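Colleague:
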Amino acid sequence: MARDWTEGAPSSCGCKQLLGGRWGRDESVLDHADYKHYELIMCHDEHFEAVFAVAYEDVDALRHMIARLGQLRARSHHGRTFTAEDYRELATLWRAMEVGFECLIDDVVIDS
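Residue numbers in the sequence shown follow this note's numbering, run continuously in steps of one, and reach 119 at the last position.
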């Protein structure tokens, strides 16, 4: 089972409004988050120490990566300003995020 950052989420993190939403049965709170929410969730001191520090070494580097991903995503919606270099950077950053996400998922052993 993946680590759960929502348990005991402090109100000071700014994500209580997101957590309080009514989502469909197959939806996650993160399905409705944007990059600012990701930053609030993942970079909040308590959340980072309790969950995300396992996957990402430096909270400031993580904060910068999330902000840059948001900028590049916004730019990608305007084809004339989105360059091949932007695409390469976006792909590289998402690969780095993916490596971290994989660290947050507990190993599962399936007996056959």
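Ideal Cβ placement from N, Cα and C applies to all residues, glycine included. Keep in mind that this is a model prediction, so the values were computed, not measured.
From the DSSP output, in three-state form, read off Thr90 for me.
Modeller: Reduced to three states, the DSSP call for Thr90 is coil.
Colleague: Taking the alpha helix (DSSP H) that Arg70 belongs to, which residues open and close that run?
Modeller: Unbroken alpha helix (DSSP H) run through Arg70: Val66 to Ser83.
Colleague: Is the separation between the beta-carbon of Asp67 and that of Leu79 shorter than 8 Å?
Modeller: No, these two residues do not count as a Cβ contact at 8 Å.
Colleague: Hey, could you find the ends of the alpha helix (DSSP H) Leu47 is sitting in?
Modeller: First-last of the alpha helix (DSSP H) with Leu47: Tyr42 to Cys50.
Colleague: Would you call the segment 84–103 and the segment 44–61 touching, i.e. three or more CB-CB distances under 8 Å?
Modeller: Contact fails: fewer than three Cβ-Cβ distances are below 8 Å.
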